[in-house]
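These notes concern the structure reproduced below.
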Amino acid sequence: MSKFYITTAIDYVNDTIHLGHAFQKIAADVLARYHRITLGKDNVFFLTGTDEYGQKAEKAAKLENIPPKEFVKKISDSDQKEQDSLNISYNRFIRTTDLDHAEVVKEIWNRVQKNGDVYSGEYQGSYCEGCEAYYVKEDLIKGKCPVHPTLEIKIVKEQNYFFKWSKYKDFLIDHIKKNPDFIYPAHRAKEMLEFAKNIKDIPISRSNFTWGIPVPARNASHSDAGEPEDSKQIIYVWFDALVNYLTGVGFLKDKELFAKFWPADVHILGKDNLRWHALLWPAMLKSAGIELPKAILVNGFLNINGQKISKSVGNVIRPTDWVKKYGADAVRYYLLRYTNLTDDSDISEEKLLQAYNADLANGLGNLVARVAKLCENNNLNLTKLKQDRPNQILEEIKPLLEGFKLNDALSYVWGSIKGLDQYINRERPWQKELIEANKILSNIVIGSEALTSLNEIAEALKIFLPETAEKIEGQFCGPKIISGKPLFPRI
Ligand SMILES: [Zn+2]
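One point on numbering: in the numbering used here, the residue at position 240 of the sequence shown is 441, and numbering is uninterrupted.
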């Protein structure tokens, strides 16, 4: 039986998520909702959540003078509220501080260690506290982190456990070459093949802070001579965070769920997280004897009015800021239709407002109001809700959604809205005899051989604009149809 398991990046809890993060969640939500329609609700699992351990969270908590546990809960709750405001239909919102997660991380550590891929060594290197990641000289730009040019790169020297990442170099290169669909879009795969050439072993523990999952005490049965037992070390935040994709779908805790959904079909993540997902994660899984995910989908970033979204620029917008003003579906619509998922896109509130009035208030809202009024005036009696054929819109957008062209899929739906408007203008049901007029109206609501209908549009909209789809279906479920409130009042 077919299934679909999709994950988003889990957001780091130094601050509440903004529109840039929400963009990725909406895209994942669209793919989850689409697969629920085609595969059935029980065959889709959608995981999102928060990444809560590490030095950055510990420091942020200190600044607010509250324990890390309290601090991360506050941000995690607020992230969840932001996602809920957009109707993100996750099956689980995982927190890396969840108790079942620590168990899974320790299990993966033990498996990797048992496979001979963990050793103790001294690390000295460049570390960015912003990324919580080590950098090699070649990655730094003028001695600074490429993502955090305002932060000082620290030279860190400590005794750590290392993961034999370099052992998997050839395996990773081979896997990416043999599986052209593993990394999407393709130019990102090329980047990773370049990067893979320079893979070196990586420290996977830290010892200079305490907010994290401790390295498990060594199991005597596979302890190598010369390597100390050590549970004072904290597991490196990436090694911990990536494992959430296993925990979230029941690894250890719910074997049936895990067997049904693993491997993940799509991990969607920002371009800044790609190397960890495309190279470190598959190496960890290979070492632990677990099947690799099928696809990694890299989303671009959103800029607002031509500028990067950042606290220091002062242009951070939370999803709830826009949802309160325009509604969840208007925000979803704008971010899906006027961006390109895999490229960087520029957004603005002004453009949202334009899209709202032109496409939602005038386009969709106007069509629905017009059809309802005509049906009400003619006292139309609906005897069925749809044609005995597959939904023509779903058939057409299937390859677009499966190729992650979400904006093109939504454009296609809007083409159908326009087509229906033109059909009404051409057929002029208000000038026809009652029987003829009702035949035209029934074509509009439930479709005909040649015409995709309003109810087909509503069904397709369940993928993109769930609240609106429900309202339209509620209004046109028959047998009588009456006018309702406008779906999108003009602003
Ligand atoms: Zn950085």
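Quick reminder that beta carbons are idealized off the backbone N, C-alpha and C, glycines included.
When the options are compared against residue i, the one with the closest alpha-carbon
| i | options | result |
| --- | --- | --- |
| proline 464 | Glu660, Ile342 and Phe452 | Phe452 |
| glycine 449 | Lys599, Thr298 and Tyr213 | Thr298 |
| aspartate 547 | Leu536, Leu341, Tyr624 and Leu232 | Leu536 |
| lysine 433 | Ile414, Val444 and Glu323 | Ile414 |
| isoleucine 505 | Lys512, Asn516 and Leu447 | Asn516 |
| asparagine 608 | Asn311, Val231 and Ser406 | Val231 |
| alanine 570 | Asp589, Val532 and Pro690 | Pro690 |
| asparagine 578 | Leu635, Lys495, Arg590 and Lys587 | Leu635 |
| arginine 389 | Glu271, Asp544 and Val306 | Asp544 |
| isoleucine 405 | Ser654, Gln360, Ala659 and Val614 | Gln360 |
| leucine 470 | Lys204, Phe665, Ser203 and Ile211 | Ile211 |
| isoleucine 518 | His349, Asp216, Ile594 and Arg419 | Asp216 |
| alanine 223 | Lys282, Asn244 and Glu657 | Lys282 |
| proline 417 | Val499, Lys307, Pro347 and Lys398 | Lys307 |
| glutamate 253 | Ile625, Glu304, Glu271 and Leu561 | Glu271 |
| leucine 176 | Gly507, Val273, Lys681 and Glu650 | Examination of residue 176 is not possible in this model, given that the chain is present from 202 through 692 alone. |
| aspartate 441 | Ser617, Asp278 and Glu333 | Glu333 |
| phenylalanine 246 | Asn266, Ile295, Leu287 and Ile645 | Ile295 |
| alanine 229 | Phe605, Leu561, Thr521 and Asp243 | Phe605 |
| serine 654 | Lys370, Pro350, Leu642 and Arg407 | Leu642 |
| leucine 554 | Val532, Asp340 and Leu373 | Val532 |
| lysine 512 | His349, Lys619, Glu457 and Asp375 | His349 |
| leucine 480 | Asp371, Arg627, Thr521 and Ala233 | Asp371 |
| isoleucine 647 | Pro591, Arg237 and Glu457 | Pro591 |
| histidine 468 | Lys204, Ser203, Phe205 and Thr209 | Thr209 |
| cysteine 576 | Pro630, Val524, Thr540 and Glu550 | Pro630 |
| proline 483 | Trp523, Ile377 and Lys275 | Ile377 |
| phenylalanine 396 | Asp455, Ile436 and His478 | His478 |
| lysine 495 | Leu621, Lys365, Leu542 and Pro381 | Pro381 |
| glutamate 650 | Ile683, Gln588 and Glu671 | Gln588 |
| glutamate 492 | Pro667, Gln508 and Lys461 | Lys461 |
| arginine 407 | Lys338, Arg237 and Gly322 | Gly322 |
Residue i: CB within 7 Å of a non-hydrogen atom of ligand 2
| i | result |
| --- | --- |
| glycine 331 | In the structure shown, ligand 2 is absent; the only ligands present are ligand 1. |
Residue i beta carbon near ligand 1 (any heavy atom closer than 7 Å)
| i | result |
| --- | --- |
| leucine 341 | no |
| valine 348 | yes |
| leucine 352 | yes |
Integer-rounded CB distance, given that residue j should sit under 8 Å from residue i
| i | j | result |
| --- | --- | --- |
| alanine 262 | proline 268 | 6 Å |
| asparagine 445 | glycine 250 | 6 Å |
| tyrosine 320 | phenylalanine 363 | 5 Å |
| threonine 358 | glutamine 325 | According to the sequence provided, residue 358 is lysine. The question's threonine does not apply to it. The pair is a contact, with the Cβ atoms about 4 Å apart (cut-off 8 Å). |
| cysteine 329 | leucine 352 | 6 Å |
| arginine 538 | alanine 559 | Going by Cβ atoms, the distance from arginine 538 to alanine 559 rounds to 11 Å, so no, they are not a contact pair. |
| isoleucine 510 | leucine 220 | 7 Å |
| isoleucine 598 | tyrosine 613 | 5 Å |
| valine 499 | leucine 475 | 6 Å |
| tyrosine 534 | leucine 503 | Not a contact, Cβ separation roughly 15 Å. |
| glutamine 676 | alanine 573 | 6 Å |
| isoleucine 289 | lysine 226 | 5 Å |
| leucine 581 | asparagine 639 | 5 Å |
| glutamine 593 | glutamate 657 | 6 Å |
| glycine 564 | isoleucine 618 | 6 Å |
Residues bridged to residue i [DSSP beta-bridge criterion]
| i | result |
| --- | --- |
| asparagine 504 | Lys509 and Asp547 |
| phenylalanine 363 | Tyr320 and Pro404 |
| proline 415 | Ile435 |
| leucine 470 | Val499 |
| valine 245 | Phe205 |
| asparagine 582 | Lys681 |
| tyrosine 385 | Leu498 |
| lysine 358 | Gln325 |
Cβ of residue i within 8 Å of any chain B Cβ
| i | result |
| --- | --- |
| leucine 553 | The structure shown contains no chain B, having only a single protein chain. |
Next on the checklist: Quick check for students: name the residue ranges of the alpha helix (DSSP H) that lie wholly in the stretch 294–356, counting only runs of 4 or more.
Outcome noted: 300–315
Item to check | beta strand (DSSP E) runs contained entirely in the stretch 248–299, provided each spans 3 or more residues | outcome: 293–296
Checklist entry - In chain order, which continuous runs of the beta strand (DSSP E) of length 3 or greater are located wholly inside the stretch 554–580? => result none
Checklist entry - If you scan the stretch 213–244 from start to end, which runs of the alpha helix (DSSP H) of 4 or more residues do you find wholly inside it? => result 220–240
Next on the checklist: At 4 residues or longer, what runs of the alpha helix (DSSP H) sit wholly inside the stretch 636–669?
Outcome noted: 655–665
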